[in-house]
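Working notes, beginning with the structure itself.
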Amino acid sequence: MADQIRALSGEMRQRQFNVVVMVPDSLVLQVMKARADVKGYSLVFTWDVEFPPGVILNPLSYSAVDHATSSLFHNAAASVGRPVAALFPWRIYRRTIEYDIRRRNQVNSDPAGQNAGVRIDSLIAWTINDKDEMACLVQMGVSGIITDKIGDLLAVAAANGR
Numbered sequence: 001m002a003d004q005i006r007a008l009s010g011e012m013r014q015r016q017f018n019v020v021v022m023v024p025d026s027l028v029l030q031v032m033k034a035r036a037d038v039k040g041y042s043l044v045f046t047w048d049v050e051f052p053p054g055v056i057l058n059p060l061s062y063s064a065v066d067h068a069t070s071s072l073f074h075n076a077a078a079s080v081g082r083p084v085a086a087l088f089p090w091r092i093y094r095r096t097i098e099y100d101i102r103r104r105n106q107v108n109s110d111p112a113g114q115n116a117g118v119r120i121d122s123l124i125a126w127t128i129n130d131k132d133e134m135a136c137l138v139q140m141g142v143s144g145i146i147t148d149k150i151g152d153l154l155a156v157a158a159a160n161g162r
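Residues 1 to 162 in the UniProt record's numbering are what the sequence shown lists, from first letter to last.
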């Protein structure tokens with residue numbers, strides 16, 4: 001698959017994009033990153049963070065940026081999915097994204113500090129299908145949104161100059 005992506009990206013030189021491989025399992029992530037390094041693939045990896053169903057008392061413990069900057073991974077992208085089966089899912093998600101944006105800015109503004117050698121280039125929100133939530137996340141500063149409603153996302157992006 002990575003060979004096909006590389007061929008496609010060569011054909012689309014006028015556009016700039018990154019291929020982000022989102023992996024829900026830490027062991028699989030380690031193996032995939034090692035293989036990509038050996039093969040020389042220029043891919044961005046992220047360990048997906050998902051909220052469990054039920055009551056979530058500390059949403060900040062599901063920080064995608066904290067996962068991405070852990071000593072095991074040092075990923076350039078961080079991704080967190082919107083809670084599906086939780087009380088007040090949007091409130092929980094928005095609080096987590098706010099924290100992740102602050103953490104991303106901390107990490108990126110102190111390259112010699114605690115997270116030396118780590119930079120978070122992308123904060124990806126998924127799966128966001130509500131147009132108002134998309135607009136809120138864009139205004140908050142997420143780098144990418146995964147959705148089932150591409151038309152709504154295009155309209156939100158255009159309305160926000162992106």
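Heads up, the beta-carbon is just placed ideally off N, CA and C, and yes, glycines get one too.
For the pair A157 and D100, the CB atoms are not nearer than the 8 Å cut-off. Under the three-state reduction of DSSP output, L123 falls in the strand class. The three-state secondary structure of T69, taken from DSSP, is coil.
Within the model, the alpha-carbon separation for V80 versus A116 is close to 23 Å. Straight through space, the alpha carbons of E133 and M140 are spaced by roughly 10 Å. Excluding sequence positions up to five before and after N108, its CB lies within less than 7 Å of the CB of R119 and I120, all in the same chain and listed in chain order.
Counted as a single uninterrupted DSSP element, the alpha helix (DSSP H) harbouring T96 occupies residues P89 to S109.
CA-CA distance, L29 to N160, rounds to 33 Å. Beta-bridge analysis with DSSP links A77 to S122. With a contact defined as Cβ atoms closer than 8 Å, R102 and V138 miss out at about 17 Å. In the displayed model, I150 falls within a helix according to three-state DSSP. Beta-bridge analysis with DSSP links G54 to A86. Between V142 and L154, the beta carbon gap of about 16 Å keeps them out of contact (Cβ cut-off 8 Å).
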